[in-house]
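Mapping of the sequence shown onto this note's numbering: residues 16 to 444, in sequence order. For glycine and all other residues, C-beta sits at the position ideal for the given N, C-alpha and C. To keep things clear, I will list the structure first and then write my remarks on it.
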Amino acid sequence: MASHAKIIIDEKEIELPTIVGTENEIGVDISDLRSKTGAITLDVGYKNSGSTTSAITYLDGEQGILRHRGYAIEELASNATFLEVAYLLINGELPKNEELTAFETNISRHTLVNEDMKNIFNAWPTGSHPMGQLIAMISSLSSFYPESLETNQTEHTKQLNVFRLLAKMPTICAMIYKKSLGHPFVYPQNKLDYVSNFLNMSFKHVTEDYTIEPVMVDALNKLLILHADHEQNCSTSTVRLVGSSNANLYASIGAGVAALWGPLHGGANQEVIEMLERIKNDGGDVSKWIDKAKDKNDSFRLMGFGHRVYKNFDPRAKIIKKACDEVLNKLGINDPTLEIAKKLEENALKDPYFIERKLFPNVDFYSGIIYRAMGFPVEMFTVLFALGRLPGWIAQFNELRSQKQPIGRPRQIYTGYTFRHFVKRGDRK
Ligand code: CMC
Numbered sequence: 016m017a018s019h020a021k022i023i024i025d026e027k028e029i030e031l032p033t034i035v036g037t038e039n040e041i042g043v044d045i046s047d048l049r050s051k052t053g054a055i056t057l058d059v060g061y062k063n064s065g066s067t068t069s070a071i072t073y074l075d076g077e078q079g080i081l082r083h084r085g086y087a088i089e090e091l092a093s094n095a096t097f098l099e100v101a102y103l104l105i106n107g108e109l110p111k112n113e114e115l116t117a118f119e120t121n122i123s124r125h126t127l128v129n130e131d132m133k134n135i136f137n138a139w140p141t142g143s144h145p146m147g148q149l150i151a152m153i154s155s156l157s158s159f160y161p162e163s164l165e166t167n168q169t170e171h172t173k174q175l176n177v178f179r180l181l182a183k184m185p186t187i188c189a190m191i192y193k194k195s196l197g198h199p200f201v202y203p204q205n206k207l208d209y210v211s212n213f214l215n216m217s218f219k220h221v222t223e224d225y226t227i228e229p230v231m232v233d234a235l236n237k238l239l240i241l242h243a244d245h246e247q248n249c250s251t252s253t254v255r256l257v258g259s260s261n262a263n264l265y266a267s268i269g270a271g272v273a274a275l276w277g278p279l280h281g282g283a284n285q286e287v288i289e290m291l292e293r294i295k296n297d298g299g300d301v302s303k304w305i306d307k308a309k310d311k312n313d314s315f316r317l318m319g320f321g322h323r324v325y326k327n328f329d330p331r332a333k334i335i336k337k338a339c340d341e342v343l344n345k346l347g348i349n350d351p352t353l354e355i356a357k358k359l360e361e362n363a364l365k366d367p368y369f370i371e372r373k374l375f376p377n378v379d380f381y382s383g384i385i386y387r388a389m390g391f392p393v394e395m396f397t398v399l400f401a402l403g404r405l406p407g408w409i410a411q412f413n414e415l416r417s418q419k420q421p422i423g424r425p426r427q428i429y430t431g432y433t434f435r436h437f438v439k440r441g442d443r444k
């Protein structure tokens, strides 16, 4: 086990301390590097840099391991409810019976959003992307609950912010969906569990009865758990970076939603279905699209493939692929894009380009097929990812605050002009 590291810059050698995690991951602590040598490290895209220590999620990309607070994602996805996992992530332990009941009650008490929020919805042009609305809606909670802006909050206020956010997120997401249809909003029903309530607000039509199908509840519960946290990814790092400036919870999580929107991150789930549709409409020849993905002169990438940290398989994708088959069977849906997805996966996994680069299907590859089978339009897919990721973002935000970390502020290596004098407008050549 490494106990220290040495770095030699020109003739100068310094010793650096190391830090070893509970799973024996080794980090070299470079916090004194610049003061001792004048040098910094450069790691574009943070491919090899730890930004924090964390006790929430353990991920081993080589082995395909994902655990929250020590519990394997496979066990959580098969046995837990989404709110149990949320409790686990945020509080560190699985809840006892009475703790879970209290947690659920506290959340169901806050499911309504302020009626004035409807005015914000009225202002969006029809067809606005749901993710743009979600960012604004989450940030706007800080206006409705100004106590969230205070820097020194009591424990009670901190908890209230968390309950409010967890409770209002499904209501806001369902309102965004209803707005896209031009339909009236359906209010939350606090007798329903978290997932059923969200499905009811999304799919119940005010003029008709709506039966909440257990198969839909189970599938969405599983999907939300599979998205619940993923350590220091792009959106979570954004939440932590924004939170490190002492910005409030709602602003920090709104920023995380913005980061998630990108097609290289959570936005990939929408892109996957659009890609599968394009392949289907083009005749379904998957080898042509695999060739396009390999062609460096073509900007096309196989969406839902590849991952920054998983280099063997993405354990979430394995669970989702199985769930996808089950859900479609139970709902009696025959989706030709599922066959295309399977063929694409099979061919890509045999192709040296994908093998050499260790590119496998990720969490987004099959999730969209399930979301679509449930009745959600593609534009809502990344919103569903955000709904699932919320407890992870909250847990990471709380951890950041409890660690009392300084404001996040990376350095750079400047490559622009050296000093030059200002040239007056008329004298410029
Ligand atoms: N299709 C074709 N080639 C790919 C793909 C892909 N999907 N992903 C990576 N590559 C190639 C890439 O061109 C590069 O090749 P080369 O070494 O010849 O230049 C090599 O593999 C390494 O790729 P990279 O872009 O340097 O890797 P990264 O770690 O920076 O990017 C990624 C990871 C997820 C952004 C990338 O794999 C990708 O763009 N995938 C498609 C988008 C996607 O599915 N995103 C969802 C990620 S999972 C959900 C989440 O948590 O965000």
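Rounded to a whole number of angstroms, what is the C-alpha to C-alpha distance between residue i and residue j?
i: residue 102; j: residue 368; result: 41 Å
i: residue 110; j: residue 98; result: 10 Å
i: residue 356; j: residue 420; result: 43 Å
i: residue 3; j: residue 361; result: As displayed, the chain neither begins before 16 nor continues past 444, which places residue 3 out of reach and without an answer.
i: residue 268; j: residue 89; result: 26 Å
i: residue 386; j: residue 195; result: 16 Å
i: residue 217; j: residue 192; result: 7 Å
i: residue 163; j: residue 423; result: 21 Å
i: residue 409; j: residue 416; result: 11 Å
i: residue 396; j: residue 184; result: 15 Å
i: residue 134; j: residue 161; result: 19 Å
i: residue 44; j: residue 148; result: 40 Å
i: residue 242; j: residue 81; result: 11 Å
i: residue 48; j: residue 22; result: 9 Å
i: residue 310; j: residue 27; result: 45 Å
i: residue 62; j: residue 172; result: 36 Å
i: residue 169; j: residue 412; result: 16 Å
i: residue 175; j: residue 324; result: 34 Å
i: residue 206; j: residue 119; result: 11 Å
i: residue 250; j: residue 376; result: 20 Å
i: residue 371; j: residue 319; result: 17 Å
i: residue 358; j: residue 304; result: 11 Å
i: residue 394; j: residue 141; result: 13 Å
i: residue 366; j: residue 295; result: 21 Å
i: residue 136; j: residue 145; result: 11 Å
i: residue 404; j: residue 439; result: 52 Å
i: residue 301; j: residue 313; result: 16 Å
i: residue 190; j: residue 214; result: 11 Å
Have a look at the DSSP bridge pairing and note the partners of residue i.
i: residue 3; result: Only positions 16 to 444 of the chain appear in this structure, which leaves residue 3 out of reach.
i: residue 41; result: 35
i: residue 376; result: 320
i: residue 99; result: None, per the DSSP bridge assignment.
i: residue 19; result: 32
i: residue 75; result: 80
i: residue 24; result: 27
Are there any heavy atoms of ligand 1 lying less than 7 Å away from the beta-carbon of residue i, as far as the coordinates show?
i: residue 379; result: yes
i: residue 308; result: yes
i: residue 216; result: no
i: residue 290; result: no
i: residue 320; result: yes
i: residue 76; result: no
i: residue 255; result: no
i: residue 403; result: no
i: residue 248; result: yes
i: residue 374; result: yes
i: residue 283; result: yes
i: residue 83; result: no
i: residue 317; result: yes
i: residue 115; result: no
i: residue 279; result: yes
i: residue 293; result: no
i: residue 60; result: yes
i: residue 198; result: no
i: residue 245; result: yes
Task: alpha helix (DSSP H) segments (min. 4 residues) lying fully within the stretch 201-241 - done: DSSP runs (the alpha helix (DSSP H)) wholly in the stretch 201-241: 209-218, 229-241.
TODO: Go through the stretch 108-170 residue by residue and report every complete run of the alpha helix (DSSP H) that reaches 4 residues or more, in order.
DONE: Counting whole runs of 4 or more residues, the stretch 108-170 contains the alpha helix (DSSP H) stretches 112-123, 132-138, 145-159.
Task: Length at least 4, wholly inside the stretch 296-339: the alpha helix (DSSP H) runs in chain order - done: Look at the stretch 296-339 and you find these whole runs of alpha helix (DSSP H), each 4 residues long or longer: 301-309.
Task: Start-end ranges of the beta strand (DSSP E) lying completely within the stretch 379-407, minimum 3 residues - done: The stretch 379-407 contains no complete beta strand (DSSP E) run of 3 or more residues.
- [ ] Output the residue ranges of the beta strand (DSSP E) runs that lie fully inside the stretch 235-280 and measure 3 residues or longer, sorted by chain position.
- [x] Whole beta strand (DSSP E) segments, 3+ residues: zero.
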